[in-house]
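Please read the structure below before turning to the comments.
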Amino acid sequence: MLPSDESREEQEQQSAAARRYREASAERKEIEAKLAAGVQYPDSPERIASRVNRLLERGGVPPAAAVASVHAEALDVPEALERVIGLTKDLQPWSFLPRGARAAATVARISILRNGLERPHGTGFLVSPRLLLTNHHVLPNAQSARRCFLEFNAQVTVENAPDATIRFEFDPDTFFTADEHLDYALVAVAPAADGSLAGARFGWNRLSIQQGKLVQNEPVNVIGHPMGRLKEIALRDNSLVQRLDDFLHYRTDTEPGNSGSPVFNDQWEVVALHHMGVPNTDPQGRILRKDGQIWRRGIDSDDTIDYVSNEGARTSSILKHLAMLPLDSGRRALLAEMGPESGLRQDAAAGPVGTPVAPAAAPAATLPEAVAVAPVAVAAAPVPAAAGAVRAPAGTRVGLRARTDAFGGERHLVFLHGRRQQGKDPELLRRGWTGGLNHGLTAPGSPPSTRPTSGSRTTETGSSKSSGSTRPFPPPPPTGPPRRRPRPSPPRPRRGRTSSSS
1 MLPSDESREE
11 QEQQSAAARR
21 YREASAERKE
31 IEAKLAAGVQ
41 YPDSPERIAS
51 RVNRLLERGG
61 VPPAAAVASV
71 HAEALDVPEA
81 LERVIGLTKD
91 LQPWSFLPRG
101 ARAAATVARI
111 SILRNGLERP
121 HGTGFLVSPR
131 LLLTNHHVLP
141 NAQSARRCFL
151 EFNAQVTVEN
161 APDATIRFEF
171 DPDTFFTADE
181 HLDYALVAVA
191 PAADGSLAGA
201 RFGWNRLSIQ
211 QGKLVQNEPV
221 NVIGHPMGRL
231 KEIALRDNSL
241 VQRLDDFLHY
251 RTDTEPGNSG
261 SPVFNDQWEV
271 VALHHMGVPN
281 TDPQGRILRK
291 DGQIWRRGID
301 SDDTIDYVSN
311 EGARTSSILK
321 HLAMLPLDSG
331 RRALLAEMGP
341 ESGLRQDAAA
351 GPVGTPVAPA
361 AAPAATLPEA
371 VAVAPVAVAA
381 APVPAAAGAV
391 RAPAGTRVGL
401 RARTDAFGGE
411 RHLVFLHGRR
421 QQGKDPELLR
431 RGWTGGLNHG
441 LTAPGSPPST
451 RPTSGSRTTE
461 TGSSKSSGST
471 RPFPPPPPTG
481 PPRRRPRPSP
491 PRPRRGRTSS
501 SS
C-alpha cells in the first residue's frame, strides 16, 4: 500500500510488527552471536536436516555436487548438512533464471479505482488457477476487492520497453476470506472475457505446509511493485534473520507498494507473504528516524524511518488458518485447487492441519475452467509398539522397524533379502546392506581408479540399471560369523625327470 493510502489498520500492523521484533531480541542476539562465531546457518538440527532433504528431493542441489562437497573431508553430520545447503548460496544452476521468470509471471499489480482515477494500490500473486493472495490491509473486505483490479505483465520486456499489461477483475462473490492478524486476503479472480483462467495463462505458486523450505541466514527473494512501479525483484544481500511462530523477519530492500508480495527461497518456493517493513522503536514503542529522533506522523516522510527488518506471514501459518475455516463444499473445492501439498483437501472438514502431505505433482501446462481435484488421502505411518507389548504369532519372523524420525518420518528404506539370509541377525544384515549402499552412492565422487569397473564381480541383485547401462555395486561386507579359510595343502612332488645344477 502506498504511503498516502496508509490506514489505521496498517499503523496498528506496523506497531505489532515492531513489538514482535522487540520481544524476540534475546533470541535474535543468540543467532547473531552464532553467526559471529562462524556458524553458517544458526538453526535447529531438525530444520537443517529437513532443509537438506527437501533440496536433494527436489533437485535444488545436484546429487553429484552434494557428494563432492562432503566426500573429501571427514565431517560430522551437522557440518555435512550445512555444507550441502551452502552449495545453493552463491552458485545457482542455469534454471534459476527461467524458474524465477516463471514465478514472476504469477505476480500482479493491484490497482484501485478512486474518484474516477486508477491508482496503484499493492501487489498480489496467484496461488491456484483462480485464487490470488495479498495483504488484509490491501483488501480488507469484499467491497474493497470490487473496487480494485489486477494488472499482469506490468513490467519491462527484455529490451527494457514497457510490456503490454493484461487486466483481470476480482470475483469476491465466488471466494473471499481474510485475517487481520496474519494480514492476508485470499480472493477469487474472475475469468477473462474468453473464459480462460488467470492461472492457466500465467501459472500459479503451489504453497506448501511442509517444513524444509528455509533455514535461518539463507537467502530470500521478493518480487513486487514498490511504490506502484513496474515489477521489480530484490535478490541481493537478502536473508532470513529470524523465524517466529507466525512470521518471518528477513533483511531485504522493499518499499511501500510491495505489500502482498511473495517471499521466495532460491528454489522459487513461497515461504512468506510480505506485508511491511519493521521500524526501529524506543522503549515506549515510538517509531524512530534514521537520526535517532522520534518520527512524526504527518510531518516526516516515510523515507526518514529507521527500518531494521522486514516481516512476512509464514506460508504454513496461512495454510493452517485456511484449514480451520468453516467453508461450504464449493469454497473448499476452490481451496483444494491449491494442490495436495497445501494440506487443503476437498474432503477434509475444518480442523487443524498437522500431517505433512505427499509432494505435489508437476504442474499441468494448461487447465480447463472447471478444475477437478481428487481428494488426497494421507496414510498414517505405523507406530512401533512398546517393547514386549505385542508379540508376533509363533513361527513369524519380524524385521527391524526404522526409527520414527528416519528421513523426516516421511519415507523408509526397505531391505528385502533372499532365503539364504533367513535366520541371520537382522541388525547385522542391515549394517552390511547400508554399508554397501553408502559405498555405492559415494562411488561417483571417488577418483576413477577406485570406482567399480565393468569387470567387477556382481550378482543379479547387486547391480543398478539406468539409461540402458549397468553399474555394478560392490558386494556388502560380510554380516555372518567369519568363515574359516581352508588350510593350504602341502605341495605334491612332480612326476618325471628332475634336473639339478651345481
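At the far end of the sequence shown sits residue 502, using our numbering, and the numbering has no gaps. Even for Gly, the Cβ is constructed at its ideal location relative to N, Cα and C. Quantities reported herein were computed from a predicted structural model and do not represent experimental measurements.
Residue-chain proximity (residue i, chain D), Cβ-Cβ < 8 Å
| i | result |
| --- | --- |
| residue 98 | Considering every chain present, this structure includes no chain D. It has just one protein chain. |
Close beta carbons around residue i, own chain, < 6 Å, minus the five adjacent residues each side
| i | result |
| --- | --- |
| residue 218 | 240 |
| residue 166 | 152, 153 |
| residue 235 | 221 |
Rounded separation between residue i and residue j - CA only
| i | j | result |
| --- | --- | --- |
| residue 237 | residue 313 | 21 Å |
| residue 505 | residue 13 | Residue 505 falls outside the range modelled here, since the chain spans only 1 to 502, and no answer is possible. |
| residue 37 | residue 333 | 49 Å |
| residue 294 | residue 23 | 20 Å |
| residue 264 | residue 416 | 41 Å |
| residue 272 | residue 262 | 6 Å |
| residue 191 | residue 199 | 10 Å |
| residue 290 | residue 340 | 45 Å |
| residue 177 | residue 145 | 11 Å |
| residue 59 | residue 274 | 26 Å |
| residue 98 | residue 282 | 44 Å |
| residue 586 | residue 251 | The first residue shown for the chain is 1 and the last is 502, placing residue 586 beyond what the model contains. |
| residue 231 | residue 153 | 8 Å |
| residue 207 | residue 315 | 7 Å |
| residue 309 | residue 277 | 6 Å |
| residue 85 | residue 55 | 8 Å |
| residue 226 | residue 209 | 28 Å |
| residue 296 | residue 170 | 36 Å |
| residue 101 | residue 95 | 10 Å |
| residue 429 | residue 423 | 10 Å |
| residue 336 | residue 318 | 14 Å |
| residue 195 | residue 149 | 17 Å |
Element boundaries [beta strand (DSSP E), containing residue i]
| i | result |
| --- | --- |
| residue 223 | 221-224 |
| residue 14 | Taken as a continuous stretch (DSSP letters only), residue 14 belongs to no beta strand (DSSP E), being part of the alpha helix (DSSP H) at 8-23. |
| residue 124 | 117-126 |
| residue 113 | 107-114 |
| residue 234 | 232-234 |
Residue i classed as buried or exposed, judged by whether at least 16 other C-beta atoms fall within 10 angstroms
| i | result |
| --- | --- |
| residue 258 | buried |
| residue 158 | exposed |
| residue 129 | buried |
| residue 45 | exposed |
| residue 186 | buried |
| residue 324 | exposed |
| residue 326 | exposed |
| residue 224 | buried |
| residue 29 | exposed |
| residue 299 | exposed |
| residue 499 | Unreliable positioning characterises residue 499 in this predicted model, as indicated by a pLDDT of 43, which lies under 50. A coordinate reading is not provided. |
| residue 260 | buried |
| residue 242 | buried |
| residue 376 | Low confidence applies to residue 376: its pLDDT is 31, below 50, so where it sits in the model is not reliable enough to give any reading. |
| residue 245 | exposed |
| residue 120 | buried |
In DSSP terms, what residue i is bridged to
| i | result |
| --- | --- |
| residue 179 | 184 |
| residue 278 | 309 |
| residue 272 | 263, 314 |
| residue 250 | 240, 310 |
| residue 304 | Residue 304 pairs with nothing; no bridge assigned. |
| residue 151 | 109, 167 |
| residue 156 | 162 |
| residue 134 | 185 |
| residue 289 | 305 |
| residue 294 | 288 |
Endpoints, alpha helix (DSSP H) assigned at residue i
| i | result |
| --- | --- |
| residue 57 | 45-57 |
| residue 334 | 329-336 |
| residue 100 | 96-104 |
| residue 200 | 198-202 |
| residue 145 | 142-146 |
Beta-carbon contacts of residue i that lie in its chain and below 7 Å, excluding the five residues immediately before and after
| i | result |
| --- | --- |
| residue 81 | 48, 49, 52 |
| residue 331 | 175 |
| residue 179 | 136, 321 |
| residue 306 | 279, 280, 288, 289, 290 |
| residue 205 | 103, 106, 125, 126, 127, 262, 270 |
| residue 133 | 124, 125, 127, 184, 186, 273 |
| residue 142 | 172, 176 |
| residue 156 | 162, 163, 230 |
| residue 267 | 58, 60 |
Sequence-distant residues of the same chain with beta carbon closer than 8 Å to residue i, five excluded per side
| i | result |
| --- | --- |
| residue 329 | 346 |
| residue 506 | Outside the shown range of the chain (1 to 502) lies residue 506, about which nothing can therefore be said. |
| residue 27 | 242 |
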